[in-house]
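Colleague:
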Amino acid sequence: FFSHSRPAGPHALRAAGLRMQHVIRRGLRSRCQQFRARKCFSTGLDSVVDSAAAHERVVSETGAKAWNLQFKDGAIFTHRLDFHNGREKGAAPLFRVMDLTGNIVNDEGDPHLSRDHCRRILRAMHRSNVMDSILYDAQRQGRLSFFMTHYGEEGSIIGATAGLDDNDMVYCQYREAPVLIYRDYSIAQMLAQCTGSGADRTKGRQMPIHYASPEHNFQAVSACLATQIPNAAGAGYAFRLEGLDRIVCCFFGEGASSEGDFHAGMNFAATLGCQTLFLCRNNGYAISTPALEQYAGDGVYIRGLAYGMRSLRVDGNDVLAVVAAVRRARELILEHKAPVLIEAMTYRGGHHSTSDDAGRYRSKDEQDVWVKSLNPIKRFQKYCIEQGHWSSEDTARVQQEMREEVINSLGENEKLPKWPIETLFHDVYAAPAPHLARQQEALLKHLQEFRDEYPSLGGGDH
97 FFSHSRPAGP
107 HALRAAGLRM
117 QHVIRRGLRS
127 RCQQFRARKC
137 FSTGLDSVVD
147 SAAAHERVVS
157 ETGAKAWNLQ
167 FKDGAIFTHR
177 LDFHNGREKG
187 AAPLFRVMDL
197 TGNIVNDEGD
207 PHLSRDHCRR
217 ILRAMHRSNV
227 MDSILYDAQR
237 QGRLSFFMTH
247 YGEEGSIIGA
257 TAGLDDNDMV
267 YCQYREAPVL
277 IYRDYSIAQM
287 LAQCTGSGAD
297 RTKGRQMPIH
307 YASPEHNFQA
317 VSACLATQIP
327 NAAGAGYAFR
337 LEGLDRIVCC
347 FFGEGASSEG
357 DFHAGMNFAA
367 TLGCQTLFLC
377 RNNGYAISTP
387 ALEQYAGDGV
397 YIRGLAYGMR
407 SLRVDGNDVL
417 AVVAAVRRAR
427 ELILEHKAPV
437 LIEAMTYRGG
447 HHSTSDDAGR
457 YRSKDEQDVW
467 VKSLNPIKRF
477 QKYCIEQGHW
487 SSEDTARVQQ
497 EMREEVINSL
507 GENEKLPKWP
517 IETLFHDVYA
527 APAPHLARQQ
537 EALLKHLQEF
547 RDEYPSLGGG
557 DH
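Per my numbering: the sequence shown ends with 558, consecutive numbering throughout.
#1: What's the call for D296, buried or exposed, on a 16-neighbour Cβ count within 10 Å?
#2: Using DSSP bridges, identify the partner residues of N378.
#3: Counting along the chain, where does the alpha helix (DSSP H) carrying S407 start and finish?
#4: Is it a yes or a no for the stretch 535-542 touching the stretch 253-270, going by three-plus beta-carbon pairs under 8 Å?
#5: Run the CB neighbour count on K511, radius 10 Å, all protein chains shown included, and call it buried at 16 or more, exposed below.
#6: Do you know how far the Cα of T323 is from the Cα of D357?
#7: Among I438, P551, E500 and A529, whose alpha-carbon lies nearest the alpha-carbon of I42?
#8: Going by CA-CA distance only, name the one from E389, Q390 and R406 that's closest to Y397.
#9: Taking the straight line between their C-alpha atoms, what separation do you get for G395 and L532?
#10: What's the gap between the Cα of C320 and the Cα of I172?
#11: Please identify the residue among G380, I503 and M303 whose C-alpha is closest to the C-alpha of T450.
#12: Quick check: the Cα distance between E549 and A329, rounded to an integer number of angstroms?
#13: Would the beta-carbon of R377 fall within 8 Å of that of A440?
#14: Which residues does DSSP list as the beta-bridge partners of I172?
#15: Are the beta-carbon atoms belonging to N225 and E250 less than 8 Å from one another?
#16: Comparing alpha-carbon positions, which option in V193, D262, S293 and M221 lies nearest P513?
#17: Among M362, D264 and H246, whose alpha-carbon lies nearest the alpha-carbon of A427?
#18: In chain order, what residues of the same chain lie with their CB nearer than 8 Å to the CB of A133, ignoring the 5 residues before and after it?
#19: Output yes or no for whether 8 Å exceeds the beta carbon distance between Y278 and T257.
#20: Specify the secondary structure class of S282 as computed by DSSP and reduced to three states.
#21: Terminal residues of the continuous alpha helix (DSSP H) containing F476?
#22: Please classify Y479: is it buried, with 16 or more other beta-carbons within 10 angstroms of its beta-carbon, or exposed?
#23: Is the CB-CB distance between I283 and I503 below 8 Å?
#24: Suppose the cutoff is 6 Å on Cβ atoms and the five residues either side in sequence are ignored; what does the same chain contact list for M362 look like?
#25: Should L141 go down as buried or exposed, given a rule of 16 or more other Cβ atoms within 10 Å for buried?
#26: For the beta strand (DSSP E) that G349 lies in, which residues bound it at each end?
#27: So, do the stretch 301-317 and the stretch 379-387 have three or more beta carbon pairs nearer to each other than 8 Å?
#28: Where does T372 fall in DSSP's three states?
#29: Note the first and the last residue of the continuous beta strand (DSSP E) segment covering Y267.
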């Protein structure tokens, strides 16, 4: 089109451009006729895309598959430029079975627990409550280095455990000791762990309340927030690959849902089809951050939907509702080989831990309403008494027995020597690693030099 004998002026360029357009149009018309006759390109459909309807069908059959989307009512495209914030229809409601006074208001959702099952649940709730009271005071007396109570959350924790099979694996955050109490783990072992005594199976390496029991399908607690979530996804994937009739239940708080591990674990579980139940205890405050400052969407529940999981929001202080929800979630997980998310709405009745002062970020009046009026233990106990499953004498007896057991176990473990400090470096590598050997030597030298500063080390046989 262009001559290289001399520079082309603007008029020559325009004329050349018009000639080029004419040639291109003529060529395209010819080519299009050939394509229609020969079907030089195939869309994978029966006919060439030469109509709006066919175009819609291409997107529906190929685009939707590529994007992994199922369009509602077949509506693939819209003319409305609407941005959605997830709140158009309001927050998802809470599933419940009992009202606040313990009366059944949802016959269809009632799990119809047996008398023995109800007694096992309520007994565990009272035992957990008594243990919390004693060990919280023990920490304040300097007998424990750290402690966390479960006040107000017994319904969501024990209710969920009661909805599982005892063979199901549990991954916890750090406020789920009632799982072990419900599964009849040794109180003496729990006190050994909290005191770090020579009877502690974890050899005093963990902070108090960081339990572990393979026999009770209870994985070791990690102090690092949300690290249990990807692990739970992996375990659920293993159960699926092995064809096992069991699931993983992963507990976490709504604060942990702000961690990156939450999103990684949820996405892995959803895409790999892991047999994992993610159970969020939404107690409203994380460590000290109100939910208002944690998220702007519809809580944690909607995040499950975003990852393609079946999700449910439940009244976490309604034990019967939690049991029913977890039972159904377990069925769905095993039936569809896919994870489920449950957001249990509850309230932390105590401080986050013995290192926290909840009075700095919430009022006493607010706390009193939840602890006194919305207490899950009182609510379930009223139901059990009405059904003839429980009595006030049962409450007094269970509380007294637990009080004696905890106090005696605490005293016995305090008398035992601590684990030798050298065990801090054991049980990691089959053979001692050089860098750990150097660290151990430096630590022992420091302790020898400043022995008077560490009177609690003790050492010796145990």
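Where is the CB? At the ideal position from N, CA and C, for every residue including glycine.
Modeller: Taking the geometry as given:
#1: As a first step, residue 296 is located in the sequence shown; it is residue number 200 there, counting from the start. Looking at its Cβ environment, which holds 16 or more other Cβ atoms inside 10 Å, D296 is buried.
#2: Here the question's residue 378 lines up with position 282 in the sequence shown. Note: N378 sits in a beta bridge opposite M441.
#3: Indexing the sequence shown from 1 puts residue 407 at position 311. For S407, there is no enclosing alpha helix (DSSP H); the residue is part of the beta strand (DSSP E) that begins and ends at R406 to D411.
#4: No, the stretch 535-542 is not in contact with the stretch 253-270.
#5: By 1-based counting over the sequence shown, the position of residue 511 is 415. Exposed.
#6: Position 261 of the sequence shown, counting from 1, holds the residue named residue 357. Position 227 of the sequence shown, counting from 1, holds the residue named residue 323. Taking the straight line joining both Cα atoms gives about 6 Å.
#7: Outside the displayed range of the chain (97 to 558) lies residue 42, so it cannot be described from this structure.
#8: Residue mapping note: residue 397 aligns to position 301 of the sequence shown, counting from 1. Measuring from the Cα of Y397, the nearest candidate turns out to be R406.
#9: In the sequence shown, the residue the question calls residue 395 occupies position 299. In the sequence shown, the residue the question calls residue 532 occupies position 436. Going from the Cα of G395 to the Cα of L532 covers about 44 Å.
#10: Here the question's residue 320 lines up with position 224 in the sequence shown. Here the question's residue 172 lines up with position 76 in the sequence shown. Each residue's alpha carbon lies about 43 Å from the other.
#11: Within the sequence shown, numbered from 1, the residue matching residue 450 stands at position 354. The shortest Cα separation from T450 among G380, I503 and M303 belongs to M303.
#12: One-based indexing of the sequence shown puts residue 549 at position 453. One-based indexing of the sequence shown puts residue 329 at position 233. E549 and A329 have their C-alpha atoms spaced approximately 44 Å apart.
#13: Locating residue 377 in the sequence shown gives position 281, where the first residue counts as 1. Locating residue 440 in the sequence shown gives position 344, where the first residue counts as 1. Yes; because the gap between Cβ atoms is below 8 Å, this pair is in contact.
#14: Here residue 172 is taken as the residue at index 76 of the sequence shown, counted from 1. Note: I172 sits in no beta bridge, so no partner.
#15: Position 129 of the sequence shown, counted from the first residue, corresponds to residue 225. Position 154 of the sequence shown, counted from the first residue, corresponds to residue 250. Taking 8 Å as the Cβ cut-off, N225 and E250 qualify as a contacting pair.
#16: Position 417 of the sequence shown, counting from 1, holds the residue named residue 513. The shortest Cα separation from P513 among V193, D262, S293 and M221 belongs to S293.
#17: In the sequence shown, residue 427 corresponds to position 331, counting from 1. Looking at the sequence itself, residue 427 is Glu, so the reference to Ala does not match. The shortest C-alpha separation from E427 is found at D264.
#18: Taking the first residue of the sequence shown as position 1, residue 133 is located at position 37. Caution applies to A133, whose pLDDT of 44 falls short of 50 and renders its modelled position unreliable; the model cannot decide the point.
#19: Taking the sequence shown and counting its residues from 1, the one referred to as residue 278 is at position 182. Taking the sequence shown and counting its residues from 1, the one referred to as residue 257 is at position 161. Against a cut-off of 8 Å, the Cβ pair of T257 and Y278 comes out as a contact.
#20: The residue labelled residue 282 in the question sits at position 186 within the sequence shown. When DSSP states are grouped into helix, strand and coil, S282 belongs to the coil group.
#21: Your numbering for residue 476 matches position 380 in the sequence shown. Its alpha helix (DSSP H) spans residues P472 to E482.
#22: Mapped onto the sequence shown, residue 479 falls at position 383. That one is buried.
#23: Residue mapping note: residue 283 aligns to position 187 of the sequence shown, counting from 1. Residue mapping note: residue 503 aligns to position 407 of the sequence shown, counting from 1. No, Cβ-Cβ distance for I283 and I503 is not below 8 Å.
#24: Against the sequence shown, residue 362 aligns to sequence position 266. Cβ neighbours of M362 beyond the five flanking positions: Y403.
#25: For this step, residue 141 is matched to residue 45 along the sequence shown. With a pLDDT of only 42 at L141, under the threshold of 50, the placement of this residue in the model should not be trusted, and no figure is reported.
#26: Numbered from 1 along the sequence shown, position 253 holds the residue referred to as residue 349. First-last of the beta strand (DSSP E) with G349: V344 to G349.
#27: Touching, no.
#28: Taking the sequence shown and counting its residues from 1, one reaches residue 372 at position 276. When DSSP states are grouped into helix, strand and coil, T372 belongs to the strand group.
#29: On the sequence shown, residue 267 is found 171 positions in, with the first residue counted as 1. Looking at the DSSP string, the run of the beta strand (DSSP E) that includes Y267 is M265 to Y267.
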